[in-house]
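Colleague:
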Amino acid sequence: MQELILLPKPLDQLTDPEIKRKACIGKIMTYTLKSLTNTYVTKGFEWLLPVALSQSTDPLWPDPGASIEKRIEVNIYDKLVRTTASMIVHKLVGCSTVYEKLFILSPNIRIEKAERAKTGKHIYEFTQLDFEIRNANSKDIFRLVEDTLCTLIKGLKVECKAELAALHRSDLKIPKAPFKVLDRTDLEAKHGIEWEARICREITEPVWIVNIPREFYDYEDFATGRWDNYDLFMPQYGEVLSGSRREFEYEKIYEKMEREQVRKENYSIILKMAKEGRLKPTAGAGMGMERIVGYITGVEHIGECQPFPRVPGNVHEL
Ligand code: ASP
Ligand code: MG
Numbered sequence: 054m055q056e057l058i059l060l061p062k063p064l065d066q067l068t069d070p071e072i073k074r075k076a077c078i079g080k081i082m083t084y085t086l087k088s089l090t091n092t093y094v095t096k097g098f099e100w101l102l103p104v105a106l107s108q109s110t111d112p113l114w115p116d117p118g119a120s121i122e123k124r125i126e127v128n129i130y131d132k133l134v135r136t137t138a139s140m141i142v143h144k145l146v147g148c149s150t151v152y153e154k155l156f157i158l159s160p161n162i163r164i165e166k167a168e169r170a171k172t173g174k175h176i177y178e179f180t181q182l183d184f185e186i187r188n189a190n191s192k193d194i195f196r197l198v199e200d201t202l203c204t205l206i207k208g209l210k211v212e213c214k215a216e217l218a219a220l221h222r223s224d225l226k227i228p229k230a231p232f233k234v235l236d237r238t239d240l241e242a243k244h245g246i247e248w249e250a251r252i253c254r255e256i257t258e259p260v261w262i263v264n265i266p267r268e269f270y271d272y273e274d275f276a277t278g279r280w281d282n283y284d285l286f287m288p289q290y291g292e293v294l295s296g297s298r299r300e301f302e303y304e305k306i307y308e309k310m311e312r313e314q315v316r317k318e319n320y321s322i323i324l325k326m327a328k329e330g331r332l333k334p335t336a337g338a339g340m341g342m343e344r345i346v347g348y349i350t351g352v353e354h355i356g357e358c359q360p361f362p363r364v365p366g367n368v369h370e371l
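Residue numbering for the sequence shown is 54 to 371, as defined by our numbering.
1. Let me confirm a value: F361 is counted as buried when at least 16 other C-beta atoms fall within 10 Å, else exposed. Which label applies?
2. Give the C-beta separation of P61 and G356 to the nearest angstrom, bearing in mind that I take them to be a contact with Cβ-Cβ under 8 Å.
3. Quick one: grab the DSSP three-state call for S159.
4. In terms of residues, what are the limits of the beta strand (DSSP E) holding Y283?
5. Provide the residue(s) that pair with A338 in DSSP beta bridges, ordered along the chain.
6. For L57, which of E318, R169, N190 and D116 has the nearest alpha-carbon?
7. Quick one: using the 10 Å Cβ neighbour count with 16 as the cut-off for buried, is N188 buried or exposed?
8. Go through its chain and collect everything with a Cβ distance to D65's Cβ below 6 Å, but skip five positions before and after it.
9. Using the three-state DSSP reduction, which class does R124 fall into: helix, strand or coil?
10. Based on Cα-Cα distance, which residue from N367, I125 and I206 lies nearest to I349?
11. Can you name the residues that DSSP bridges to G147?
12. Could you check if A338 is buried or exposed, using at least 16 other CB atoms within 10 Å of its CB as the buried criterion?
13. State the beta-bridge partners of S107 as determined by DSSP.
14. Buried or exposed for I246, going by 16 or more other Cβ atoms inside 10 Å?
15. Compute the minimum distance between the beta carbon of S139 and the heavy atoms of the ligand MG, and state whether it is under 7 Å.
16. CB I81 to CB D111, shorter than 8 Å?
17. Looking at the secondary structure, which residues open and close the beta strand (DSSP E) in which E263 lies?
18. Indicate, with yes or no, if the ligand MG has a heavy atom lying under 7 Å from the CB of S223.
19. Alpha carbon to alpha carbon, how far is D69 from L285? Give it in angstroms, no decimals.
20. Count Cβ pairs between the segment 128 to 138 and the segment 100 to 111 that sit closer than 8 Å; are there 3 or more?
21. Unbroken alpha helix (DSSP H) runs of length 4 or more, entirely within the segment 214 to 277: which are they?
22. Suppose the cutoff is 6 Å on Cβ atoms and the five residues either side in sequence are ignored; what does the same chain contact list for P288 look like?
23. Name the residue from H221, R254 and S297 whose alpha carbon lies nearest to the alpha carbon of D193.
24. Could you tell me if the beta carbon of S159 falls within a distance shorter than 7 Å of some heavy atom in the ligand MG?
25. As a quick exercise: from V94, N264, G347 and K317, pick the residue whose alpha carbon is nearest that of F184.
26. From I129 to I323, what distance separates their C-alpha atoms?
27. DSSP state of K316, grouped into three classes?
28. Taking Cβ to Cβ, would you say L145 is nearer than 8 Å to T335?
29. CB P63 to CB H369, shorter than 8 Å?
30. Return yes when at least one heavy atom of the ligand ASP lies under 7 Å from the C-beta of Q359, else no.
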């Protein structure tokens, strides 16, 4: 049974104590953005500006975690464009051409089913720190993310000590890297389909969950059926990041699109570049900013980490 949770309120409806609490979360969000972007810039990543409308966006399919109620498509200049579901396609093209290492604070619009309001983990617009590296593998991504996360939490404990105390989060632990790696198939064999909830309760350190069947762009070994992808789970919380090593070979991408009935016309640049050998092997991931700050602050609903909450099923004036 899902517990009842309080939904985040719009700014104009907050009481004085709620305004103070919201301000603490705002400070922690600011520090988080500063620390994470600083780590990526320092490590030589290019910071790309986001786009909100494109012909091509993340299919979000097939993904066992997706629950999309509506896809937003609109005509501009006689062309059909979609609101950004994720900038995965832009990352693959950008990383294969100009930007060897890139990151974006990317808008992600995913109109989740209204019933997901009560999970506390879903919002219909969120911001993802999305990054991609040419010629990288999963291990490279693990070490990078572990480093950014440990640096962030270490810094927060000093720079946002008062805010963490006000939110009763002084006990926030600096994680111990490297994080453990668990295979989804083992978890399923052990815990059945409830593995996600079980693992969140059991772990005391962040863990990598690998080998999850999902979209065509994640790398799948056709010989073994193993996926070279990963989610990062935080203890007593859940997933805050997902990513993969990428497919870059034309035949594989084509076959997966056929298999999954993905509309090839929406991915013609990916297909063309792959055919011409211009799509490079890359790896990357995206970290949900409201999710990671939700973990840090211990809020009931990640919409509390947004100034203007985007709770599924709840539309306000702002
Ligand atoms: N941006 C991707 C997503 O939202 C994550 C990734 O890099 O694979 O699924
Ligand atoms: Mg994905």
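Glycine is no exception: its CB is placed at the ideal position from the N, C-alpha and C atoms.
Modeller: In terms of the structure at hand:
1. One-based indexing of the sequence shown puts residue 361 at position 308. Here F361 is exposed, its C-beta having fewer than 16 other C-beta atoms within 10 Å.
2. As a first step, residue 61 must be located in the sequence shown, where it is residue number 8. As a first step, residue 356 must be located in the sequence shown, where it is residue number 303. Confirmed, about 4 Å.
3. The residue you call residue 159 lines up with position 106 of the sequence shown. Residue state, collapsed to three classes: strand.
4. Translated into positions along the sequence shown, residue 283 becomes position 230. Where Y283 is concerned, the enclosing beta strand (DSSP E) stretches over N282 to M287.
5. Here residue 338 refers to the residue found at position 285 when the sequence shown is read from its first residue. F184 and G296.
6. In the sequence shown, the residue the question calls residue 57 occupies position 4. Here the closest residue by C-alpha is R169.
7. Your numbering for residue 188 matches position 135 in the sequence shown. Flag for N188 reads exposed.
8. What you label residue 65 is simply residue 12 of the sequence shown in a count that begins at 1. Once the five neighbours on either side are set aside, D65 has no close Cβ partner at all.
9. Taking the sequence shown and counting its residues from 1, the one referred to as residue 124 is at position 71. Correct three-state label for R124: coil.
10. Working through the sequence shown from its first residue, we reach residue 349 at position 296. Per the Cα distances, I206.
11. Working through the sequence shown from its first residue, we reach residue 147 at position 94. Answer is none; G147 lacks a bridge partner.
12. Locating residue 338 in the sequence shown gives position 285, where the first residue counts as 1. Result: buried.
13. Residue 107 sits at position 54 when you count from the first residue of the sequence shown. In DSSP, S107 forms a bridge with R135.
14. Numbered from its first residue, the sequence shown carries residue 246 at position 193. It counts as exposed.
15. One-based indexing of the sequence shown puts residue 139 at position 86. Yes, the Cβ of S139 comes within 7 Å of a heavy atom of the ligand MG.
16. Residue numbering aside, residue 81 sits at position 28 when the sequence shown is read from its first letter. Residue numbering aside, residue 111 sits at position 58 when the sequence shown is read from its first letter. No, they are not a contact pair.
17. Taking the first residue of the sequence shown as position 1, residue 263 is located at position 210. Just to set this straight, residue 263 is Val in the shown sequence, not Glu. Start and end: V260 to V263.
18. One-based indexing of the sequence shown puts residue 223 at position 170. Answer for S223: no, Cβ out of range of the ligand MG.
19. For the purposes of this step, residue 285 is identified with residue 232 of the sequence shown, where counting begins at 1. For the purposes of this step, residue 69 is identified with residue 16 of the sequence shown, where counting begins at 1. When rounded, the distance between both Cα atoms is 35 Å.
20. yes
21. If only complete runs of 4 or more residues are kept, the segment 214 to 277 shows the alpha helix (DSSP H) at 214 to 219, 237 to 244 and 248 to 255, in order along the chain.
22. One-based indexing of the sequence shown puts residue 288 at position 235. Around P288: I256 and T257.
23. One-based indexing of the sequence shown puts residue 193 at position 140. Among H221, R254 and S297, the Cα nearest to that of D193 is on S297.
24. Counting from one through the sequence shown, the residue named residue 159 turns up at place 106. Checking every heavy atom of the ligand MG against the Cβ of S159, none is found closer than 7 Å.
25. Mapped onto the sequence shown, residue 184 falls at position 131. Ranking V94, N264, G347 and K317 by Cα distance to F184 puts V94 first.
26. Position 76 of the sequence shown, counted from the start, is the residue given in the question as residue 129. Position 270 of the sequence shown, counted from the start, is the residue given in the question as residue 323. If I take the Cα positions, the gap works out to 22 Å.
27. Taking the first residue of the sequence shown as 1, we reach residue 316 at position 263. Rather than Lys, the amino acid found at residue 316 in this sequence is Arg. In this structure, R316 counts as coil in the three-state DSSP scheme.
28. For the purposes of this step, residue 145 is taken as residue 92 along the sequence shown, with counting starting at 1. For the purposes of this step, residue 335 is taken as residue 282 along the sequence shown, with counting starting at 1. A contact, by the Cβ cut-off of 8 Å.
29. On the sequence shown, position 10 is the one that residue 63 refers to. On the sequence shown, position 316 is the one that residue 369 refers to. Cβ distance < 8 Å, so P63 and H369 count as in contact.
30. Numbered from 1 along the sequence shown, position 306 holds the residue referred to as residue 359. No, the beta carbon of Q359 sits no closer than 7 Å to any heavy atom of the ligand ASP.
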